[in-house]
Structures are given as structure tokens and as C-alpha cells.
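Residue numbers (my numbering): 29 to 469.
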Amino acid sequence: RNGDINYYYYVDISVNKRVKFNELLFVGNNYFSNKELRDFFFTEASEQAASNILDQKYFSSFSALLKEKYIKAGFLSATIDKPVTFYDYSTEKMSVTFRIREGSKTKVESFKILGIPFDQEKLLKNKLTNKIGLGFNPIAFQDDLKLINNYLKDSGYYFSKILNTKSLGIVEYNSDDTMVKINIEVEAGPKIYVDDIIIIGNQKTRKKLILREVKLEPGALVTSSKIEHAQANLLALGIFSSVQIKPVTQNSTKTDILVFVREKDFGLVEFSPGLRTDLGFKVGANINYKNLDGMNKRVSFNSVINRRFDLTDLAEERKDSKSLIEFDSSLNFLEDKIFNSEFDLRLSLSKSRKRFYAYDVDLQRAAYTVSYDFTRWFNISFRQQIESVSQFNAIQDSNHGHFQIGSFTPALKIDLRNRSINPTSGAEFTLSSEYATPLFF
């Protein structure tokens, strides 16, 4: 139609049989046994290679994985040849051979961390991968440097730094590369303590709320984990678009902590008209407001109203009944640390009217929930609710009536995530049990 010339190519493929390898051989290995290397091969294997099916791409990549394994064990000059495959056409069997030249092992002869007290140096070296007498692992060495840096910052040396990370002398090899000496120079500086908290950027949020979530009192030791937790706590409030926390000075044992926040707009109004075949025309409204009184008290109102066009979903005897306006509305209020305590409070009121197959229902609920954080990862809560149910417009008189249900719900939550905002590991578990009894109205 467009005047273009189209070329069609047809490819005939004769699939035949998939080639399987029957033997996996390693030659030249002394440090790792054949079983260890075979287990390593199948642990890292692609789905195809794990089924003993020829996978040239994985064979090639495994050579690099094998070299990395030897380097981690201290064999820095190890070489792994390209895999050799041999196919016996008479038996239709294939073997794959990896030839290894291990070379000499490079061990750690000495390990010094200069610039910190001896007792802390001894404690820190026990946490590292590279240790005296073991094979030198250059791949893990970068992680060791990060661990040293993080350990010092979490020990109160917030402005500490490693001075010779880019120096060739940080790792010294002997003449035949069989030994290395590790010399890490650290400038720890003094331990830093909080002098004052300076808050910038809060227009409506009260300083009292920010200080409560930062949890850094004057005189407290400044550590990187405390700074990270303070930042996570402020972001978890949901009222700030960005949070930055950092110590101001590094030349003395005391420093001011600068807390810079940027507030979000606190209000949200949504309006949503719609149409459903069973519920008819409907209108929804949602109003939310955060940070009431500058203390992050939250209030929300949600409501959906609908009127059915036909009553075909109801019982035959009710199809001529007058169509009701149905609705579902709720009002919620939340406040953390109520009355300056450690308890959080949630209040909830709801009212709804719904049409069911054999009767209509008015449903009202009132509830409150009190929760308490025992630790950062363990929370308990208690919820009490009173529910009022009125049934009317029923087919049978026995379905008319009024019921009231009082219940309470204890619950516990275990939060094992590494952080509450954008977690990258961990899990969260909640267990609750609801009890209804006349003792609770």
C-alpha cells in the first residue's frame, strides 16, 4: 500500500539432539579438590549447564569465576585456560576440561592499622576478611576498608578517614609475591559529641516534633548509625520531601548538628465520580490533612455515595422496592506519642448503608487503637471497637433487628527490615487476634 518493497527470509533449522557433557574434569588443581570445584561449577551453573547440557557461554564465564575463586584464596597469579571440549562421535559423549595453573599463594605477613588505640585495632582486625597468616584476598580488601571506615564512624570518630587508600604502599608485596604487608593509616581525630541541634527549613512543623524524632540530646556521642536513624525517622513521618542531617564542625570534641528539612504540602483533596453496573452512579471524596498543630497529627475523611439504577441483584420480592441512597463514610484521626507519652493513638468512626440480597443494613463503628514500640523492631497494640448493625427492608420479619458487637484486638508486630523507608532486606510480621464479648459492650 505504501509502495515499499518487503523481503521475507525463511530459515530451516534442523534441531537434532541436544549435546550433553558426561565428564567434567579439572587438571592442575591442588588447593581445591575436584569435588569442591565440581560443587562450585553446579552452584553457579546456568539452568542448561546444571542439567549437564552443553552451554558454551557458561563454560567461558566459569573460567572467570574460577579465577576469582582462586584470587579470593590468595592465588593472585592463578591462570585458568579456556575450557577444552571433546566430543566422541562413536559414543556420543562429551567431556569438558578446565586446566588450572595455581601458582604460589600470597599470604598476609603483617597487618597494621595505624592511628587508633591498640585494643580497638585488635577488635577491628577480628572483623575483617584479611587476617595474618591467611591468603591475601584483594577483592575483599576494598570491603575491609569500608568496614574500617564504618566501624570508626559508629564508634564516635565521625570525621575519621583512611589517609592512604590511594597509596601503593597500603599493600606491600615481597620480591616473589608470596607475602604482603598491609599498612592502613587512619586519621581518627577526637570523638565527637552533640553540642546543639540547629533546625532549618521548618515552616509549620514544630521544633519539638523534629527533636523528638532525631533523638540526639546535647552531650550524646555522634555516630553514623544515629544520623541515619534520625534521617529515617523524619522521612517516615511523611511530611518532608527531603531531610539532610550532618555535623557542622570537625575541629573540636563538640559539634552542632544541622537538620535541614523541606516540608511537603500537607493537604490532599480528591473527588472521583464514576459508574458501576451493579451500584449505579457513584461519587467518592477523600480529604486528608497531615501535620495538624505542627505535630504531625493526621485527619482523614473518606466517603463513597451511590444510587442503583436497577435492583436485579436483589431478591425477586424486593425488585419493586424504592431504591435507597447507599454510602460508606469514615473519619480517622492519628497522633503519635500522645500526651508526650510513648503511646500512639488512632481514632476511627465510620457509618455506612448497604443493600444486600434479602435486606438493607445500616452499619456504624467506633474504634480506638493504642500502640507502643518496645524496641525499634518490636511493637504491640490494642484495639477496641463497638459495632452497631441495623437490618431493615427485609423479606422476612426474622431478618429485621438491631445488633451490637463489642470486640478487642491485641496485636504484635515484628519489623526486621534494615530500615523503614526503602528497605533493601529483612521482613515484617504481624499477628493479631480478635475477641468479641459482652464485657466490651
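Each residue gets a CB set at the ideal place from its N, CA and C atoms; glycine is no exception.
6 Å Cβ shell around S105 - same chain, five flanking residues per side excluded: Here the question's residue 105 lines up with position 77 in the sequence shown. These residues qualify, in order along the chain: G131.
Give the range of the alpha helix (DSSP H) segment to which K236 is assigned. Here the question's residue 236 lines up with position 208 in the sequence shown. Per DSSP, the continuous alpha helix (DSSP H) segment holding K236 begins and ends at K235 to V242.
With T397 as the anchor, note down where its beta strand (DSSP E) starts and where it stops. For the purposes of this step, residue 397 is taken as the residue at position 369 of the sequence shown. Element bounds for T397: D388 to D401.
In whole angstroms, what separates the C-alpha of K189 from that of F68? Stepping through the sequence shown from its first residue, residue 189 is reached at position 161. Stepping through the sequence shown from its first residue, residue 68 is reached at position 40. Roughly 38 Å between the two C-alpha positions.
Through-space distance from K97 to M207, alpha-carbon basis: Here the question's residue 207 lines up with position 179 in the sequence shown. Here the question's residue 97 lines up with position 69 in the sequence shown. Their Cα atoms are separated by approximately 19 Å.
What would DSSP say about D443, mapped onto helix, strand or coil? By 1-based counting over the sequence shown, the position of residue 443 is 415. Here D443 sits in strand by DSSP.
Boundaries of the beta strand (DSSP E) in which P301 is found, first to last residue: As a working mapping, residue 301 is identified with position 273 in the sequence shown. First-last of the beta strand (DSSP E) with P301: G295 to R304.
Pick from K159, R127 and E120 that is closest to V136, judged by C-alpha positions: As a working note, residue 136 is residue 108 in the sequence shown. Looking at the Cα atoms, K159 is the closest of the given residues.
Beta-carbon spacing of E363, K318 below 8 Å: The residue given as residue 363 occupies position 335 in the sequence shown. The residue given as residue 318 occupies position 290 in the sequence shown. Against a cut-off of 8 Å, the Cβ pair of K318 and E363 comes out as no contact.
With C-beta atoms as the reference, is N334 less than 8 Å away from L307? In the sequence shown, the residue the question calls residue 334 occupies position 306. In the sequence shown, the residue the question calls residue 307 occupies position 279. Closer than 8 Å, so yes.
Using CA atoms only, rank isn't needed, just tell me which of L339, Y37, S203 and S376 is closest to R304. Counting from one through the sequence shown, the residue named residue 304 turns up at place 276. Comparing Cα-Cα distances from R304 to each of L339, Y37, S203 and S376, the minimum goes to L339.
For L175, the three-state DSSP class (helix, strand or coil): Within the sequence shown, numbered from 1, the residue matching residue 175 stands at position 147. Of the three classes helix, strand and coil, the one that applies to L175 here is helix, per DSSP.
Coarse secondary structure for R29, derived from DSSP in three states: As a first step, residue 29 must be located in the sequence shown, where it is residue number 1. In the structure shown, R29 sits in coil (DSSP, three-state: anything other than H, G, I, E or B).
Would you grab the beta carbon distance between I198 and K140 for me? Rounded to a whole angstrom, and I think it's under 8 Å. Counting from one through the sequence shown, the residue named residue 198 turns up at place 170. Counting from one through the sequence shown, the residue named residue 140 turns up at place 112. The C-beta distance from I198 to K140 rounds to 11 Å, too long to fall under 8 Å, and the pair is not in contact.
Quick check on G197: does DSSP put it in helix, strand or coil? On the sequence shown, position 169 is the one that residue 197 refers to. DSSP places G197 in helix when its eight states are reduced to three.
Once the 5 residues before and after Q272 are set aside, which same chain residues still bring their CB inside 7 Å of it? For this step, residue 272 is matched to residue 244 along the sequence shown. Taken in chain order, the residues that qualify are F288.
With DSSP as the reference, label R66 as helix, strand or coil. Indexing the sequence shown from 1 puts residue 66 at position 38. The DSSP-derived three-state label of R66 is helix.
If we require 4 or more residues per run, which alpha helix (DSSP H) segments fall completely within the stretch 79-139? Assignment of alpha helix (DSSP H) within the stretch 79-139, counting only whole runs of 4 or more residues, yields 84-100 in chain order.
What is the rounded straight-line gap between the Cα of R447 and the Cα of N30? Along the sequence shown, read from residue 1 onward, the residue named residue 447 stands at position 419. Along the sequence shown, read from residue 1 onward, the residue named residue 30 stands at position 2. N30 has its alpha-carbon roughly 58 Å from the corresponding atom of R447.
Outcome for G184 when other beta-carbon atoms lying within 10 angstroms are tallied against a minimum of 16: On the sequence shown, position 156 is the one that residue 184 refers to. Counting C-beta atoms within 10 angstroms of its own C-beta, G184 has 16 or more neighbours from the protein chains shown and is therefore classed as buried.
Inter-stretch contact at 8 Å, needing at least 3 Cβ pairs: the stretch 35-43 / the stretch 111-128: Touching, no.
Tell me whether S409 is buried or exposed, calling it buried when 16 or more other Cβ atoms sit within 10 Å of its Cβ. Mapped onto the sequence shown, residue 409 falls at position 381. The residue is buried, with at least 16 neighbouring Cβ atoms inside 10 Å.
Measuring only the C-alpha atoms, how far is G322 from S358? Taking the first residue of the sequence shown as 1, we reach residue 322 at position 294. Taking the first residue of the sequence shown as 1, we reach residue 358 at position 330. Between G322 and S358, the alpha-carbon positions lie close to 24 Å from each other.
Cβ separation of G434 and F468, assumed to be a contact under 8 Å, to the nearest whole Å: Counting from 1 along the sequence shown, the entry for residue 434 is found at position 406. Counting from 1 along the sequence shown, the entry for residue 468 is found at position 440. Correct: roughly 3 Å between the Cβ atoms.
Using only CA atoms, which one of E51, I442 and K379 lies nearest to A78? Within the sequence shown, residue 78 is the residue found at index 50, counting from 1. Nearest neighbour of A78 by Cα position, chosen from E51, I442 and K379, turns out to be E51.
Excluding the 5 residues preceding and the 5 following G312 in the sequence, name in chain order all residues of the same chain whose CB lies nearer than 6 Å to its CB. Here residue 312 refers to the residue found at position 284 when the sequence shown is read from its first residue. These residues qualify, in order along the chain: S300 and V332.
Using only alpha-carbon positions, find the residue among K85, F164 and P218 that is nearest to K100. Numbered from its first residue, the sequence shown carries residue 100 at position 72. Per the Cα distances, F164.
How many angstroms separate the CA atom of V417 from the CA atom of I315? Mapped onto the sequence shown, residue 417 falls at position 389. Mapped onto the sequence shown, residue 315 falls at position 287. A straight line joining the alpha-carbon of V417 with that of I315 spans about 26 Å.
Check this for me: beta carbons of K121 and I108, under 8 Å apart or not? As a working mapping, residue 121 is identified with position 93 in the sequence shown. As a working mapping, residue 108 is identified with position 80 in the sequence shown. No, these two residues do not count as a Cβ contact at 8 Å.
Over what stretch of residues does the alpha helix (DSSP H) that includes E149 continue unbroken? For the purposes of this step, residue 149 is taken as residue 121 along the sequence shown, with counting starting at 1. Its alpha helix (DSSP H) spans residues F146 to K153.
How many whole angstroms separate the CB atoms of S91 and F146, which I take to be in contact at a CB cut-off of 8 Å? Taking the first residue of the sequence shown as position 1, residue 91 is located at position 63. Taking the first residue of the sequence shown as position 1, residue 146 is located at position 118. About 44 Å; that fails the 8 Å criterion.
Contacts around T403, its chain only, beta-carbon distance under 7 Å, and the 5 residues preceding and following it disregarded: Position 375 of the sequence shown, counted from the start, is the residue given in the question as residue 403. There are no such residues.
Restricting to Cα atoms, I'd like to know which of I227, I267, A260 and F294 is closest to P275. The sequence position of residue 275 within the sequence shown is 247, counting from 1. Taking only the C-alpha atoms, the option nearest P275 is I227.
Thinking C-beta only, is I176 closer than 8 Å to L152? As a working note, residue 152 is residue 124 in the sequence shown. As a working note, residue 176 is residue 148 in the sequence shown. Yes, the Cβ-Cβ distance between L152 and I176 is below 8 Å.
Span of the beta strand (DSSP E), counted from its first residue to its last, around S409: Looking up residue 409 in the sequence shown gives position 381. Its beta strand (DSSP E) spans residues F406 to F420.
Cutoff 8 Å; reference N192; Cβ partners in own chain excluding five residues on either side: Counting from one through the sequence shown, the residue named residue 192 turns up at place 164. Within the same chain, N192 has close Cβ partners I198, N211, I212 and E213.
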